[in-house]
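A.B. asks:
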Amino acid sequence: MRILATGGAGYVGSAAVRCLLANGHDVTVYDNLSKGHRQSIPSNILVEGDLAEREKLTATMKDRQIEAVMHFASWIAVGESVEMPREYYRNNIVNSQTLLECMQDTQVGKILFSSTAAVYAPSEEPLNEDSPKNPDSPYAFSKFAVERLIQDFSRAYGLGYTILRYFNASGADPEGKFGEAHEPETHLIPLVLQVPLGKRKEIYVFGDNYDTPDGTCIRDYIHVDDLADAHRRAIDATESGKGATYNIGTGKGNSVLEVIRTAEKVVGKEIATKIVDRRAGDSARLVAGAERLRTELGWQPKYENLEQIVESAWKWHQNHPRGYGS
Ligand code: UFG
Numbered sequence: 004m005r006i007l008a009t010g011g012a013g014y015v016g017s018a019a020v021r022c023l024l025a026n027g028h029d030v031t032v033y034d035n036l037s038k039g040h041r042q043s044i045p046s047n048i049l050v051e052g053d054l055a056e057r058e059k060l061t062a063t064m065k066d067r068q069i070e071a072v073m074h075f076a077s078w079i080a081v082g083e084s085v086e087m088p089r090e091y092y093r094n095n096i097v098n099s100q101t102l103l104e105c106m107q108d109t110q111v112g113k114i115l116f117s118s119t120a121a122v123y124a125p126s127e128e129p130l131n132e133d134s135p136k137n138p139d140s141p142y143a144f145s146k147f148a149v150e151r152l153i154q155d156f157s158r159a160y161g162l163g164y165t166i167l168r169y170f171n172a173s174g175a176d177p178e179g180k181f182g183e184a185h186e187p188e189t190h191l192i193p194l195v196l197q198v199p200l201g202k203r204k205e206i207y208v209f210g211d212n213y214d215t216p217d218g219t220c221i222r223d224y225i226h227v228d229d230l231a232d233a234h235r236r237a238i239d240a241t242e243s244g245k246g247a248t249y250n251i252g253t254g255k256g257n258s259v260l261e262v263i264r265t266a267e268k269v270v271g272k273e274i275a276t277k278i279v280d281r282r283a284g285d286s287a288r289l290v291a292g293a294e295r296l297r298t299e300l301g302w303q304p305k306y307e308n309l310e311q312i313v314e315s316a317w318k319w320h321q322n323h324p325r326g327y328g329s
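Just so we're aligned, residue 4 is where the sequence shown starts under this note's numbering, counting upward by one.
1) Select from Tyr224, Ile48, Gly218, Glu70 the residue whose C-alpha is nearest the C-alpha of proline 193.
2) Decide yes or no for the touch test of the segment 138-154 against the segment 163-171: beta carbon pairs closer than 8 angstroms, at least 3 of them.
3) Quick one: what's got a C-beta closer than 8 angstroms to aspartate 66's C-beta in the same chain, skipping five residues either side?
4) Hey, quick one: how far does the beta strand (DSSP E) through glycine 246 stretch, first residue to last?
5) Can you grab the Cα-Cα spacing for the pair tryptophan 317 / glutamate 178, in whole Å?
6) Please state whether the Cβ-Cβ distance between cysteine 15 and serine 157 is less than 8 angstroms.
7) Look at the Cβ atom of asparagine 131, then the Cβ atom of glycine 292, and state whether they are nearer than 8 angstroms.
8) As an exercise, report each continuous beta strand (DSSP E) stretch of at least 3 residues that is fully enclosed by the segment 49-105, in chain order.
9) If we ignore side chains and look at the alpha-carbon of each, how far apart do alanine 120 and serine 134 end up?
10) Which same chain residues, not among the five before or five after valine 92, have their C-beta less than 7 angstroms away from its C-beta?
11) Pick out the complete alpha helix (DSSP H) segments inside the segment 162-221, 4 residues or longer, and give them in chain order.
12) May I have the straight-line CA-CA distance separating arginine 282 from asparagine 171, to the nearest angstrom?
13) Considering only residues of the same chain and omitting the five flanking positions on each side of aspartate 53, which have a CB-CB separation below 7 angstroms?
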């Protein structure tokens, strides 16, 4: 299939692009490189452009005879979104509407959308796709709003869509060539690994008084290549005029302290840890109920445990201590 990947030079986008190329798809990456990395994808598939550039976007879809869009491009930091709602709503919502209009104008009838577990209300139980929602940060609300935009375009104009709600994307390509490189980095696993790399004195644990077995927050860490494989399956299953929504997670949760202990085991060193105050907006527990993805799309994660995920991340960060710049 001829696929346009917006934000395809980012962490999750580039993993999906590699997976799609390996499976014979014809992929064009449309990325303004504000967050993405040129080095994470083959140079001949990149169109450097912004989603706000309507004419360029439309021309790219026409010239490349695009049949489906995977929409990864977005700003992703929950805390930052509270400080900068203007940028988050413009980059995530307004630009998504432009994308949908360009798709309509060029008769591109299918979209996959990167949404997030942050749309759910916190829950003790694994979250299934119909669990109550409470997108309480501008970031989470922007994702929720775009889900709704897509659903309404589907109802009114016959767009085919799949919404994928990611839990905690993590890990790196097993050869250590591609991995996570956010600036600034806010995610737990790369920050933990910065301690043994000598880039950080200690890892701060944001609160140990949550209502969880060890008092620290529980998340569902899902390897980025397993996320990518879910995209490959979902694009094949997406049909014009129809829509589906899936959680992508393993269904297993690990606490912050478990992540640190696992990293210590992988790197063979103790990791200095300091308990600090809670971070605003964190839920105690976010774990996926991901049965729908398994039963309907036959998806199965290859990385079944946290140790394998952290091992792959460690290989990447050791090889590339300054990200794609090194
Ligand atoms: N944490 C620390 N110390 C740190 C960094 C993180 O204790 O230095 C804790 C957080 O408080 C949280 C856990 O580690 O409990 C995971 O935090 P991340 O920042 O790695 O990930 P989040 O769960 O906050 O958010 C991620 C994505 C969001 C997405 C969300 C959905 O960054 O885009 O998952 O679950 F919306």
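Ideal Cβ positions, reconstructed from N, Cα and C, are used throughout, including at glycine.
C.D. replies: Quick answer:
1) Tyr224
2) yes
3) none
4) First-last of the beta strand (DSSP E) with glycine 246: 246-251.
5) CA-CA distance, tryptophan 317 to glutamate 178, rounds to 11 angstroms.
6) Strictly speaking, residue 15 in this sequence is valine, with cysteine absent from that position. Taking 8 angstroms as the Cβ cut-off, valine 15 and serine 157 do not qualify as a contacting pair.
7) A distance below 8 angstroms separates the beta carbons of asparagine 131 and glycine 292.
8) 49-51, 71-74
9) 11 angstroms
10) Here residue 92 is tyrosine; the residue named in the question, valine, does not match the sequence. Result list for tyrosine 92: Pro141, Ser145, in chain order.
11) 191-197
12) 17 angstroms
13) Within the same chain, aspartate 53 has close Cβ partners Asn35.
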